[in-house]
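Going down the list, the sequences are from chains A and B.
Note that this note's numbering gives residue 83 to position 95 of the first sequence, counting from 1, and the numbers run on in steps of one.
Note that this note's numbering gives residue 24 to position 36 of the second sequence, counting from 1, and the numbers run on in steps of one.
C-beta atoms are modelled at their ideal positions from N, C-alpha and C, and glycine is treated no differently.
Working notes, structure below.
Number of protein chains: 2
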Amino acid sequence: MEYIKDPKMIEVRSFEIIQGIIDDIRPGYKFKNEIEEKIIKRCIHTSADFEYLDILKISETAVQKIIDALNNKCTIYTDTNMALSGINKTKLNALGCEYKCLVADEITKELAKEKGITRSMAAVELAMKDEGRKIFVLGNAPTALYKVIEMFDAGYSVDAVVGVPVGFVGAAESKYSLEQTQIPYIVAEGRKGGSNVAAAIVNAILYAM
Amino acid sequence: MEYIKDPKMIEVRSFEIIQGIIDDIRPGYKFKNEIEEKIIKRCIHTSADFEYLDILKISETAVQKIIDALNNKCTIYTDTNMALSGINKTKLNALGCEYKCLVADEITKELAKEKGITRSMAAVELAMKDEGRKIFVLGNAPTALYKVIEMFDAGYSVDAVVGVPVGFVGAAESKYSLEQTQIPYIVAEGRKGGSNVAAAIVNAILYAM
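The structure is reproduced here in structure tokens:
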């Protein structure tokens, strides 16, 4: 069988096709700026879902805050190992950033049990107690996103949140709540999102740096 | 803030809402059988994308072959660590199944370089040389799916393929090719799919067993 086997060629051609489809289905669609274009196209690349043209929202300072945190050895906290798996570790290592998914740690399980909260929430509580700059990357757990908002409101520091929990119970509401805060955010409004989309957003920024 | 915090309740309620939306947007939609319903709904659960109602296709013997392989200590080979992360390991361990993503192994890199093929293809070549029963779970790499088909045609044994590479270059074509073979398959026709969808399909079957 004959097929394109060069991963770099496949990626370049994929983004050309994505633009071609946008021209076709949404003539005149304008991205606000180059980085928004790169983020949204990478969300489409990972999902083949063009609804991200309409639902992906980036607050004014979010990209600059994320880049600044990444340039200052921040830690990325994900709510699933799947999101963590998808993020480009070579780039993060080169920047000297750390990356963690605390959700399955023993200490997280104990804290969740003790407090009667979800492990996703307990993982946020533990993360917030770490020193240093923080980006939360959440593709799954609305409860984690609510907990980040609660702790930010209580005075804990957060550099930015990639808030794209997918789902039918609390996901849309949690993202709407995030948009009402002063936290720099990137969200997928409504039900859509996911670990793949969360990782794609972070990678789009890493590749643009 | 008040929100549902019990993960089991969230899941039950999510599937009720999914059925409600199906009733609403596709009145009279009928699943072929209970396991197809569980698989498709779990794809929707992980993506919030109801297009899986139309594009998810399961060959006649696929589910039975997968269950049979899982009951006989098969190995699951994924094309990404992301797909591997998303699959329920507790269930696989209880069944005595193994699970591997070979794509980043040194031996895979060497073989890919030596042969001038993608690492995804080299990972399939190495997997095929293992003893025992095999399920391939592919959410990313059309080249891996083509390689599975080539090696099956050359006489290598494959129990089943969950073939849901997402993308714009070769993804749809690779899945169409799989549908033309005698390999038991579960595919997402067209461009959609992904590591999250691949894991969701395996989990739906594991939870139904």
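In the three-state reduction of the DSSP assignment, E102(B) falls in the helix class, which pools H, G and I. Looking at the DSSP output, I123(B) bridges to I64(B), A148(B). In the structure shown, E177(A) adopts coil according to DSSP, grouped into three states.
In this structure, DSSP gives L44(B) an extended state, which the three-state scheme calls strand. Going by C-alpha positions, I13(A) is about 30 Å away from M197(A). Taking all protein chains in view, the Cβ of P15(B) is surrounded by fewer than 16 other Cβ atoms within 10 Å, so the residue is classified as exposed.
In the displayed model, K117(B) falls within coil according to three-state DSSP, outside both helix and strand. As DSSP reads the structure, E86(A) sits in a beta bridge with T63(A).
For Q168(B), there is no enclosing alpha helix (DSSP H), as DSSP gives it neither H nor E. The distance from the Cβ of A115(A) to that of Y173(A) is about 17 Å, inconsistent with a contact at the 8 Å cut-off. Excluding its 5 nearest sequence neighbours in each direction, F124(A) has C-beta neighbours in its own chain below 6 Å: Y65, V136, V149, listed in chain order. Around the beta carbon of T96(B), 16 or more other beta carbons lie within 10 angstroms, which makes this residue buried. Here I5(B) is near F156(A), since their CB atoms are less than 8 Å apart.
For the 8 Å CB-CB criterion, E113(B) and L99(B) form a contact. The segment 84 to 96 of chain A makes no contact with the segment 31 to 48 of chain A; the number of CB pairs closer than 8 Å stays below 3.
A direct Cα-to-Cα measurement between K117(B) and D56(A) gives close to 47 Å. Contacts between K180(A) and chain B, judged by CB atoms closer than 8 Å, involve S35, A36, D37 in chain order. Comparing alpha-carbon positions, the option among N60(B), L83(B), I10(B) lying closest to F38(B) turns out to be I10(B).
Between N128(A) and V154(A), the beta carbon gap of about 7 Å places them in contact (Cβ cut-off 8 Å).
Taking a contact to require three or more Cβ pairs closer than 8 Å, the segment 174 to 190 of chain B and the segment 175 to 189 of chain A qualify as touching.
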